[in-house]
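Participant: The structure follows.
In the numbering used here, the protein residues as written are 215 to 386.
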């Protein structure tokens, strides 16, 4: 298996993704690529006319076989509506056709809130099902917003994440 490494600034520009990093390491003939040093990815969705920006102080691990991207250390995901902070976040993709991927879900773990337009949600872990436009937060959930504070073991946020639109249900 071939491998390569570069500590030079790295830029990738594409139709669906722009990526910047301080360097990269590639293994398994390109099936495994790690981008490091303050990596930033911009995922573009022309259909919904929006971008998702992912930044991490640590590493971005891109894995072709499992169709995942994992970002580590002070991760921020900003989809222009909501912001999610985490210690680690993994995005899962499915290949719709050759060289065309679609993000299907995101898992986040550790020390980060989700901020919507009207509230901040804290919990130990989260999962977002992008097809259903729902997010699930577990473990010591606290929802703080203009209507006060809710606490519970888990929360479900749906259809755009704002309480005014579809509601947040908290399991106590």
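For every residue, glycine included, the Cβ atom is placed at its ideal position computed from N, Cα and C.
Quick check for students: name the residue ranges of the beta strand (DSSP E) that lie wholly in the segment 278 to 355, counting only runs of 3 or more.
Facilitator: You should have 282 to 292, 297 to 311, 314 to 323, 333 to 336 and 339 to 343.
Participant: Just to confirm, are residue 274 and residue 253 a CB contact at a threshold of 8 Å?
Facilitator: Within the chain shown, numbered from 1, the residue matching residue 274 stands at position 60. Within the chain shown, numbered from 1, the residue matching residue 253 stands at position 39. Yes, the pair counts as a contact, with Cβ atoms nearer than the cut-off.
Participant: DSSP beta-bridge partners for residue 262?
Facilitator: Here residue 262 is taken as the residue at index 48 of the chain shown, counted from 1. Bridge partners of residue 262: none, in fact.
Participant: Is DSSP giving residue 400 helix, strand or coil here?
Facilitator: One cannot answer for residue 400 here, as it falls past the ends of the chain, which runs 215 to 386.
Participant: Taking 8 Å as the threshold, find out whether the segment 259 to 266 comes into contact with the segment 240 to 248 through three or more Cβ pairs.
Facilitator: No contact exists between the segment 259 to 266 and the segment 240 to 248.
Participant: Is the distance from the Cβ of residue 330 to the Cβ of residue 358 below 8 Å?
Facilitator: For the purposes of this step, residue 330 is taken as residue 116 along the chain shown, with counting starting at 1. For the purposes of this step, residue 358 is taken as residue 144 along the chain shown, with counting starting at 1. Contact: no.
Participant: Nearest CA to the CA of residue 295: which residue from 308, 322 and 264?
Facilitator: Counted from its first residue, the chain shown places residue 295 at position 81. Residue 295 has its Cα closest to that of 264, out of 308, 322 and 264.
Participant: Could you check whether the Cβ of residue 244 sits closer than 8 Å to any Cβ belonging to chain B?
Facilitator: The structure shown contains no chain B; it is built from a single protein chain.
Participant: Measuring straight from C-alpha to C-alpha, what distance separates residue 269 and residue 231?
Facilitator: Stepping through the chain shown from its first residue, residue 269 is reached at position 55. Stepping through the chain shown from its first residue, residue 231 is reached at position 17. Rounded to whole angstroms, residue 269 to residue 231 spans 13 Å at the Cα level.
Participant: Work out the CA separation of residue 318 and residue 266 for me, nearest whole Å.
Facilitator: Position 52 of the chain shown, counting from 1, holds the residue named residue 266. Position 104 of the chain shown, counting from 1, holds the residue named residue 318. Spanning the two alpha carbons is a distance of roughly 13 Å.
Participant: Which of the three DSSP states, helix, strand or coil, is assigned to residue 269?
Facilitator: Here residue 269 corresponds to residue number 55 of the chain shown, with the count starting at 1. Residue 269 falls in the strand class under three-state DSSP.
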